[in-house]
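*Asks:* Numbering (the working numbering), first residue to last: 16 to 187.
Would you mind keeping the following structure in view while I ask a few things?
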Amino acid sequence: MTKIQLSEAQAVILSTACAREDGSIFPVTANLKGGAVGNVCKSLLKLGLIEEIPATDLNTVYRHDEERGPVTLRATPLAYSALGITDTPVGKPAAEPAPKAIHQRSATKQEALIEMLRAEDGATIEEIGAALLWRSHTVRGAIAGTLKKKLGLEVISEKVENRGRVYKLPAA
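Put into structure tokens, the structure is as follows:
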């Protein structure tokens with residue numbers, strides 16, 4: 016078998032994934048900018064070193080497939096052998112069916128944001144930004160993209176005198 020030549024970025028992403036119990040590519044810890052992560056993942060897919068599997072966590076979604084829904088990436092047994100790792104995860108079929116339930120990560124800024132919005136008084140963009148060390152455009156993006164689009168939560172906003180626009184989530 017010929018040895019697969021890996022770039023530094025490919026090696027970092029693969030070795031991190033192979034160190035994880037589930038072989039998951041995401042979250043990517045490599046310091047890559049722009050679309051570099053996507054390009055590296057495409058090349059690894061083409062080499063057969065990673066594979067697409069149904070995503071169970073919205074924070075690990077690589078892309079959305081019309082038939083399968085959210086898709087994430089996982090290292091294949093070939094990735095372990097390409098890195099010289101002999102103790103590949105045993106008992107994992109190549110296309111392990113994933114549960115349909117979507118899990119939310121815990122102890123994250125997303126969780127803190129949801130908690131702030133579920134508070135009785137809600138929170139303003141400025142309050143969220145100060146608490147999470149985010150800029151206002153990041154807060155607005157998280158509310159519109161992550162909470163509304165990805166998680167399907169209904170975020171309510173209202174103008175409050177002496178406070179400005181306040182955002183809230185209905186009590187769970």
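Don't be surprised by glycine CBs; every beta carbon is placed ideally from N, CA and C.
None of these values were measured; they are calculated from a predicted model.
Contact between the region 70–82 and the region 38–46: three or more CB pairs below 8 angstroms?
*Replies:* These segments touch.
*Asks:* When we look at the beta-carbon of Gln20 and count the other beta-carbons within 10 Å, is it buried (16 or more) or exposed?
*Replies:* exposed
*Asks:* If distances are taken between C-alpha atoms only, which option among Arg89, Lys18, Leu128 comes closest to Gly166?
*Replies:* Here residue 166 turns out to be Leu, not Gly, going by the sequence shown. The residue from Arg89, Lys18, Leu128 with its alpha-carbon nearest to that of Leu166 is Leu128.
*Asks:* I want to know whether the region 89–103 touches the region 51–66 - three or more CB-CB distances under 8 angstroms.
*Replies:* yes
*Asks:* Does the region 166–179 come close enough to the region 148–155 to have 3 or more Cβ pairs within less than 8 angstroms?
*Replies:* no
*Asks:* In whole angstroms, what is the alpha-carbon distance linking Gly179 and Ala134?
*Replies:* 16 angstroms
*Asks:* Are Thr139 and Val181 closer than 8 angstroms when you measure CB to CB?
*Replies:* yes
*Asks:* Can you tell me which of the three DSSP states Val175 falls into?
*Replies:* strand
*Asks:* So, for Arg78: in the same chain, excluding its five sequence neighbours on each side, which residues have a beta-carbon less than 7 angstroms away from its beta-carbon?
*Replies:* Counting only Cβ-Cβ distances below 7 angstroms, and skipping sequence neighbours, we find Val86.
*Asks:* Once the 5 residues before and after Leu98 are set aside, which same chain residues still bring their CB inside 7 angstroms of it?
*Replies:* Leaving aside the five residues that flank Leu98 on each side, the residues in its chain whose CB is nearer than 7 angstroms to its CB run, in chain order, Leu29, Ser30, Cys33.
*Asks:* Indicate whether Val52 and Gln25 have their beta-carbon atoms separated by less than 8 angstroms.
*Replies:* Result no, Cβ atoms of Val52 and Gln25 do not sit closer than 8 angstroms.
*Asks:* Between Leu132, Asn177, Ser96, which has its C-alpha nearest Leu162's C-alpha?
*Replies:* Here the closest residue by C-alpha is Leu132.
*Asks:* Rank Gln125, Glu130, Lys18 by C-alpha distance to the C-alpha of Gly160 and give the top, closest one.
*Replies:* Gln125
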